[in-house]
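Residue numbering for the sequence shown follows the UniProt record's numbering, starting at 1 and increasing by one per position.
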Amino acid sequence: ILKKKKKKKKKNKKKKKKKKKKKISIPIKVKINNRINRKAGTSEMATMSMMNNSITFVQEEFNKSKHAKYFHLHLNMLPEKCSSFDSTRITLLFFAISGLDVLDCLDTIINPNRREEIIGWIYRLQVLPNEQHSNLDACGFLGSTSLNFESEISSDDNLCSYRVSNIALTYSALCTLLILGDDLSRVNKKAVLHGVKALQEKSGSFKCTLADGDCDMRFVFCACAICFILNDWSGMDRACTIAFIMASLGFDGAFGQGPYLESHGGSTYCALASLALMDRMDVTTTKQVRGKHVL
1 ILKKKKKKKK KNKKKKKKKK KKKISIPIKV KINNRINRKA GTSEMATMSM
51 MNNSITFVQE EFNKSKHAKY FHLHLNMLPE KCSSFDSTRI TLLFFAISGL
101 DVLDCLDTII NPNRREEIIG WIYRLQVLPN EQHSNLDACG FLGSTSLNFE
151 SEISSDDNLC SYRVSNIALT YSALCTLLIL GDDLSRVNKK AVLHGVKALQ
201 EKSGSFKCTL ADGDCDMRFV FCACAICFIL NDWSGMDRAC TIAFIMASLG
251 FDGAFGQGPY LESHGGSTYC ALASLALMDR MDVTTTKQVR GKHVL
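See below:
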């Protein structure tokens, strides 16, 4: 009897071993191509779906109208989640306007009157020189009208410390004006350039504002772009800026936010774009760009 029981147990164990494990199939979608057809207003988005070791390709249409509505929404009313960005509203405006321009529907969505309203709102953000010209270092553009107020007392010692330009927001304002077709005739170029120059550090880098803040490659790009747009490089020491950029080149052939900092794509773009705007790509060698013998 004991032998029979042992044989049954062995058979049950063998049956359990023979049972195959169920395969779990997980769908995976990978975007491999995205070509925008401006004329048709659609794009073909090829996705790869893997299921049970079989690959199928699915064509999806790019919904241009929904993207346009999304950008248009931000022109009229900010979503609740974006309320914390109120002080930098000009940046959101730049993304919305440039997004509509990329979709080639800016003229159809924004009529001439609305366009002039937006341009007028941007010019209201400009920090202009006072009568004594004592605030030239603060000149440029603000991020929104929430901080755009004059000091009630006109003496130099009581200038409003909040009414100070920001180099990134000045860049966004100028780019948005150009996209909207403005000729920048109302921009006080000398004052803006003076404000940019006041933000340059001894290292060649730039601060974002007169208040204490970051100094890195992002603001170097903003400064170069502003000088390029205004066609005047008096707002910066180019030799010093180039030295800062080259000092930020890493052993891997890419650029960091500053010297001895980790390199990555964003700072590399800002560094190379700055050199290109200054027409000084010649300072980099082929070996440096390829990451060979940089040190």
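From the three backbone atoms N, C-alpha and C, an ideal C-beta is built for every residue, glycine too.
This structure is a prediction, so every number in the text was calculated from the model and none was measured.
Review point. With a Cβ-Cβ cutoff of 8 Å, do T170 and I122 count as a contact?
Key: Working through the sequence shown from its first residue, we reach residue 170 at position 170. Working through the sequence shown from its first residue, we reach residue 122 at position 122. It is not a contact, given that the beta carbons lie outside the stated cut-off.
Practice item. Under the assumption that M236 contacts C227 (Cβ atoms under 8 Å), give the Cβ distance between them as a whole number of angstroms. Key: Residue numbering aside, residue 236 sits at position 236 when the sequence shown is read from its first letter. Residue numbering aside, residue 227 sits at position 227 when the sequence shown is read from its first letter. Between C227 and M236 the Cβ distance is about 6 Å, and since that is below 8 Å, they are a contact.
Point to revise | Length of the line joining the Cα atoms of A198 and H133 | key: Locating residue 198 in the sequence shown gives position 198, where the first residue counts as 1. Locating residue 133 in the sequence shown gives position 133, where the first residue counts as 1. When rounded, the distance between both Cα atoms is 14 Å.
Check your understanding: Among L174, F206 and S248, which residue has its Cα nearest to the Cα of E262?
Key -> Here the question's residue 262 lines up with position 262 in the sequence shown. If we check each option's Cα against that of E262, S248 comes out closest.
Review point. Who are the Cβ neighbours of L78 in its own chain at under 8 Å, not counting the five residues just before and after it?
Key: Counted from its first residue, the sequence shown places residue 78 at position 78. Cβ within range, chain order: F85, D86, R89 and L92.
Review point. What is the residue span of the alpha helix (DSSP H) that N113 lies within?
Key: Locating residue 113 in the sequence shown gives position 113, counting from the first residue. P112 to Y123 is the extent of the alpha helix (DSSP H) around N113.
Review point. Under three-state DSSP, which class holds Q288?
Key: What you label residue 288 is simply residue 288 of the sequence shown in a count that begins at 1. Helix, per DSSP.
Practice item. Just tell me which of D282, F206 and N63 has its CA closest to the CA of F221. Key: Position 221 of the sequence shown holds residue 221. F221 has its Cα closest to that of F206, out of D282, F206 and N63.
Exercise for review: Note down the Cα distance separating Q257 from L210, rounded to an integer number of angstroms.
Suggested key: Residue numbering aside, residue 257 sits at position 257 when the sequence shown is read from its first letter. Residue numbering aside, residue 210 sits at position 210 when the sequence shown is read from its first letter. Answer to the nearest angstrom: the Cα atoms are 19 Å apart.
Check your understanding: If you drop the 5 nearest sequence neighbours on each side, which residues of the same chain put their C-beta closer than 6 Å to that of L75?
Key -> The sequence position of residue 75 within the sequence shown is 75, counting from 1. Excluding positions up to five away in sequence, the list reads A96.
Practice item. In angstroms with no decimal places, state the Cα-to-Cα distance between Q288 and L275. Key: For the purposes of this step, residue 288 is taken as residue 288 along the sequence shown, with counting starting at 1. For the purposes of this step, residue 275 is taken as residue 275 along the sequence shown, with counting starting at 1. So the two alpha carbons sit approximately 14 Å from each other.
Point to revise | Where D216 falls: helix, strand or coil (DSSP) | key: Counting from one through the sequence shown, the residue named residue 216 turns up at place 216. The answer is strand: DSSP assigns D216 an E or B state.
Point to revise | Cross-strand partners of F206 (DSSP beta bridge) | key: For the purposes of this step, residue 206 is identified with residue 206 of the sequence shown, where counting begins at 1. Paired residues: Q200 and D216.
Exercise for review: With V102 as the anchor, note down where its alpha helix (DSSP H) starts and where it stops.
Suggested key: Working through the sequence shown from its first residue, we reach residue 102 at position 102. From DSSP, the alpha helix (DSSP H) with V102 extends over R89 to V102.
Review point. Any idea what DSSP makes of S263, helix, strand or coil?
Key: Here the question's residue 263 lines up with position 263 in the sequence shown. Strand at S263.
Practice item. Would you kindly work out how many angstroms separate the C-alpha atoms of S185 and A191, rounded to a whole number? Key: Locating residue 185 in the sequence shown gives position 185, counting from the first residue. Locating residue 191 in the sequence shown gives position 191, counting from the first residue. Using only the alpha carbons, I get a separation of about 13 Å.
Exercise for review: Mind checking who V127 pairs with in its DSSP beta bridge?
Suggested key: Locating residue 127 in the sequence shown gives position 127, counting from the first residue. G140.
Check your understanding: Which residue's Cα is closest to the Cα of S267: D279, T241, F219 and N113?
Key -> Locating residue 267 in the sequence shown gives position 267, counting from the first residue. Checking every option, the nearest Cα to that of S267 belongs to F219.
Practice item. Determine, using beta carbons only, whether I242 and V196 come nearer to each other than 8 Å. Key: Position 242 of the sequence shown, counted from the first residue, corresponds to residue 242. Position 196 of the sequence shown, counted from the first residue, corresponds to residue 196. No. Outside cutoff.
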